[in-house]
Amino acid sequence: MKIRVRDAHPADVEWMSNNTEGWTVTVEKQEGAASLAEALHALIAEDSDQGVRMGWLHSSLQRATGGEPGYVRLYELHVSPAFRQRGVARALVDELFARVSDQEIILSAWDRELYGVWLKLGFSYVPEPDEMSGDYSYPGDMVRPPVEASS
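Going by full-length UniProt numbering, the first residue of the sequence shown is number 1, and it counts up by one from there.
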């Protein structure tokens, strides 16, 4: 199996909607849906040998407001059950990291049950300011900070 990551196309939308946990994916902007038109990056991971789609990722750019810097929000990362634990999530996240290396990436509504997975994928946990040490409720964010350019 060779994983290839590519940009999602309108022909992928139905498959993406059918391979998720509660999301609808559309081509154009639509209330309550992830759309290709609004995505900073919508990526598909596929087995390039067999042309089988294995997973997808959707992110958006959150513009700077009120003196705060902008960042990338990772809204959805889904790997089909048959392809889990084979490097598909890693391939998708690595491609996103490569495309926006100079941007902070924040997970949107991250799954607490996958805390260890997010750490392995390169994210760090940033606690809320009032969070007590040892508090395992995880009210903070999972973040991948921007990579500093080397001089």
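All residues carry an ideal CB built from backbone N, CA and C; glycine is no exception.
Query raised in the report: Taking DSSP as the reference, what is the three-state secondary structure of Arg99?
Result: Reading the sequence shown from its first residue, position 99 is the one you call residue 99. Helix, per DSSP.
Query raised in the report: What three-state label does DSSP hand Ala11 in the structure shown?
Result: Reading the sequence shown from its first residue, position 11 is the one you call residue 11. For Ala11, the three-state secondary structure derived from DSSP is helix.
Report task. With DSSP collapsed to three states, give me the class of Ser151. Result -> Walking along the sequence shown from the start, residue 151 turns up at place 151. With a pLDDT of only 46 at Ser151, under the threshold of 50, the placement of this residue in the model should not be trusted; the figure read from the coordinates follows. Coil at Ser151, not helix or strand.
Query - Cα-Cα separation, Ser151 to Ser101 - result: For the purposes of this step, residue 151 is taken as the residue at position 151 of the sequence shown. For the purposes of this step, residue 101 is taken as the residue at position 101 of the sequence shown. A caution first: Ser151 carries a pLDDT of 46, below 50, which makes its placement in the model unreliable, though a value can still be read off. It is roughly 15 Å from the alpha-carbon of Ser151 to the alpha-carbon of Ser101.
Requested in this report: Throw me the rounded Cβ distance for the Ser80 and Gly116 pair, which I believe falls under 8 Å.
Outcome: Numbered from its first residue, the sequence shown carries residue 80 at position 80. Numbered from its first residue, the sequence shown carries residue 116 at position 116. Not a contact, Cβ separation roughly 21 Å.
Query raised in the report: What did DSSP end up calling Arg144 once you bin it into helix, strand or coil?
Result: If you number the sequence shown from 1, residue 144 lands on position 144. Residue state for Arg144 is assigned as strand, using DSSP reduced to three classes.
**Report entry** Element boundaries [beta strand (DSSP E), containing Val52]
**Finding:** Along the sequence shown, read from residue 1 onward, the residue named residue 52 stands at position 52. Note, Val52: beta strand (DSSP E), 52-62.
Query raised in the report: When the Cα atoms are used, what is the spatial distance from Ala45 to Arg144?
Result: Stepping through the sequence shown from its first residue, residue 45 is reached at position 45. Stepping through the sequence shown from its first residue, residue 144 is reached at position 144. Rounded to whole angstroms, Ala45 to Arg144 spans 21 Å at the Cα level.
Query raised in the report: Among Arg86, Trp118, Asp130, which one has its Cα closest to the Cα of Lys2?
Result: Numbered from its first residue, the sequence shown carries residue 2 at position 2. Closest option to Lys2, Cα to Cα, is Arg86.
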